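Going by my numbering, the first residue of the sequence shown is number 358, and it counts up by one from there.
Built from N, CA and C at the ideal position, the CB exists for glycine as well.
Just so it is clear, the structure is predicted and the values come from calculations on it, not from any experiment.
Comments concern the structure below.
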Amino acid sequence: MMPSMEPILKDKQSDKPLITFAVCLGLAQLLPLYTQPILIFYNDAVAILGVIIAVALIGNGKNLNVQIPWIAALPLSLAVLIIMQIIFGIVRIDSDVIYPIAYFLIAAIAVLLGASVAAQKQGSTRICITLTYTYLSVGLLSVAIAFLQFFGMETNIPFVLQLEHSASMAPRPYANIGQPNQLALLLCLSIASTWWLYQARRLRIATAIGITLIMLCGLTLTQSRTGWIIVPVFSALLLFYQKKVGFRKVSAWLIGGFVLSYALMVVTLPAIASFLMNLSTPSAAERVAAGASSERLVFFELAWKISALHPWFGAGWGEFSSQQQILAASHAPSIHSNHAHNIVLNFAAELGWPVTLLVFGILSYWLFTSCLRRKISPEIGFATLCLMAVLMHSMVEFPLWYAYVLLPFALLVGMVHHEQFGSRVLSVSRTYSAGVFFLMCALFIGTAIDYRSVVIAFREQALESAGWTRVGGAVNHRSDFTISAQYHDHLEFSKTEAREEMPPEKIAFMERVAQRFGYLPNLRRIALIYTLNDQPEKAVDKLLAAKQLFGCGYVELHQEWGQRAEKESEKFRKVFMRLPAPASSFCK
């Protein structure tokens, strides 16, 4: 028995915002549209569009009664804090933080939306129905796509992302969401949705068991350790709910059976892959060993070091990768990353410890009092499962940096807050609310147009690199006003050849871009510039950063500088003599 849509459609006016948001949220996780330089721009844009339209549709009177929960001040304050970092020069590139500020502001609006809908008749139930339908539908479709990808059957199927398949290793499928750990989180949210639909008597127990097992199969295919964290947390919460009034009982034996089934799937996946496809996958023991020595631990150590160097106000939002370059020689080899892969340490590194302790102190108190200490309903239970899944994932990655995760998270926070603490009511004239809506639409459209110009510029550069030229010559896609200045700068950086006697201001520009986009080709280019312009110390620093962050790539750079030291000039010899030889284990 699948859930019925009838209850959610009884009051069409009040449910239009939720249905709109649900459709946009589902599309955001199913659209296989990823473009450089911001891979998830269009996916996130669809999710944000859902919130914008929902804001316009909510309410049906002359005045709009907006619920104002105090928890909405949290994302709003973070947006203000980043603006302060711009004002005081803590952030190096202003355009780099425009998107984060916008995300925090739209998250605050999503909190208000969740609280305002929850204040309506059966509002929390309606929110849960909407989200559970969405996660269940998208989860089932994603599992189907994941199976196609795992068995190499996705080729030439429209609207399905294509994986790169190895002749010896089974792939880690990610459906259309583009990343295995993100798919794992989605499937965990789908399991939470299945539980709530059973609680709401919209799924029979047999159907709920079947769907949960399907989701666990998909979770196993991702080979993600994220599920190893979330599934036990879910189990503990479901056992906690056993004692709560108003909850349908779920047998502890059944919960244990799910955990055991998942563990067996994880353990037997290598044997299954070997038997069915003659391909290997890392065993559970190998993944545990990899986790114990993974680059994430280096990221954690680095974030701690950054926070120690900038304890009060942080290094600046989005500055983790720049600091990684600066401190590369002082920490263990890892890989280039824009994030610390731990939300607490990321905040500490980029915002400072006082703000971090305040934010997570407030959030911890809020979670404990609203989700565990006070009387809870199945709706609060569902929200708690979802919030905990996202927060557990945030301890090892950065899911809240994606709008299609952040916005439903914020919506549920608003719903829970209104249910448990209530909210202040602000009556807003329809004229003002319409003005806010059109302002958000204008900003949304302007941002999309601005980003589109960046995408076109990146594509033209890729074609030029392949030997194609535009008829009529190159076109400058950079407008006088842009919020994507850093990406246009990156394109200019890529087209600028390293040469001797470069003007100091040009070197400073190239240095700033290389610091922001610390990829191997960029480190090579800026190291060449330093070498050719008699700055051997800086050249060595960049090459050592490449050694720590790109391993194999450093072997090629070491060879290049060695060859040019022999054939070209004394400048290369000065740098090469100070470079350590690459270890034999760098490239295996």
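For residue i, which beta-bridge partners are listed by DSSP?
i: GLN506; result: Looking at the DSSP assignment, GLN506 forms no beta bridge with any residue, so it has no partner.
i: MET526; result: SER637
With burial defined as no fewer than 16 other Cβ atoms inside 10 Å of the residue's Cβ, what is the status of residue i: buried or exposed?
i: ALA665; result: exposed
i: GLY709; result: buried
i: TRP669; result: exposed
i: ASP837; result: exposed
i: GLU676; result: buried
i: MET526; result: exposed
i: GLU736; result: buried
i: LYS852; result: exposed
i: TYR722; result: exposed
i: ASP453; result: buried
i: ASP898; result: buried
i: TRP552; result: buried
i: CYS909; result: exposed
i: TRP918; result: buried
i: ILE466; result: buried
i: ILE629; result: exposed
i: SER637; result: exposed
i: ASN538; result: buried
i: LYS904; result: buried
i: LYS478; result: exposed
i: TYR789; result: exposed
i: ILE502; result: buried
i: GLN506; result: buried
i: ALA642; result: exposed
For residue i, which residues of its own chain have a beta-carbon under 7 Å away from its beta-carbon, when the five flanking residues on both sides are left out?
i: ILE365; result: Its pLDDT being 49, under 50, ILE365 is placed unreliably by the model, and the measurement read from it follows with that caveat. Closer than 7 Å at the Cβ level, and outside the excluded window around ILE365, lie ASP372, ARG483, ILE486, THR487.
i: ALA455; result: Strictly speaking, residue 455 in this sequence is Ile, with Ala absent from that position. These residues qualify, in order along the chain: ILE840.
i: GLY509; result: HIS522
i: LYS895; result: TYR887
i: MET358; result: With a pLDDT of only 44 at MET358, under 50, the local geometry of the prediction cannot be trusted, and the value read off the model is given with reservation. Within the same chain, MET358 has close Cβ partners LEU560, ARG561, THR564.
i: GLY416; result: ASN422
i: CYS381; result: VAL403, ALA404, LEU406, GLY407
i: LEU469; result: VAL423, GLN424, ILE425, ALA429, GLY771
i: PHE933; result: TRP918, GLY919, ALA922
i: ARG731; result: GLN777
The alpha helix (DSSP H) with residue i in it runs from where to where?
i: GLN556; result: 537–556
i: SER721; result: 710–724
i: THR564; result: 562–578
i: GLN916; result: 909–924
i: VAL588; result: 583–598
i: ILE663; result: 652–666
i: MET867; result: 861–873
i: GLY673; result: Looking at the DSSP string, GLY673 is not in any alpha helix (DSSP H), and its letter there is neither H nor E.
i: LYS732; result: Element bounds for LYS732: n/a, residue is neither H nor E.
i: PHE604; result: It is not in any alpha helix (DSSP H) - PHE604 carries neither H nor E in the DSSP assignment.
i: HIS960; result: Because the chain here runs from 358 to 945, residue 960 falls outside it and cannot be looked at.
i: LEU889; result: 877–889
i: ARG930; result: 927–933
i: ILE405; result: 398–414
Leaving aside the five residues before and after residue i along the sequence, list all residues of the same chain whose C-beta is less than 8 Å from its C-beta, in chain order.
i: ALA660; result: PHE677, ALA697, ASN699, LEU702, ASN703, ALA705, ALA706
i: LEU594; result: GLY738, THR741, LEU742, MET745
i: VAL448; result: ILE439, GLN442, VAL454, GLY673, TRP674, GLY675, GLU676
i: ILE571; result: LEU497, VAL500
i: ALA472; result: GLN424, ILE425, PRO426, ALA429, GLY771, MET772, HIS774, HIS775, SER780
i: PHE794; result: ILE409, VAL412, ALA413
What residues in its chain sit with their C-beta under 6 Å from that of residue i, if we drop five residues either side in the sequence?
i: GLY383; result: THR491, VAL495
i: PRO937; result: none
i: ARG935; result: VAL897
Complete alpha helix (DSSP H) runs within the segment 748–790 (minimum length 4 residues, chain order): Those alpha helix (DSSP H) runs which fall completely within the segment 748–790 and span 4+ residues are 760–778.
Whole runs of the beta strand (DSSP E) within the segment 417–486, excluding any shorter than 3 residues: Within the segment 417–486, the complete beta strand (DSSP E) segments at least 3 residues long are 420–425, listed from N- to C-terminus.
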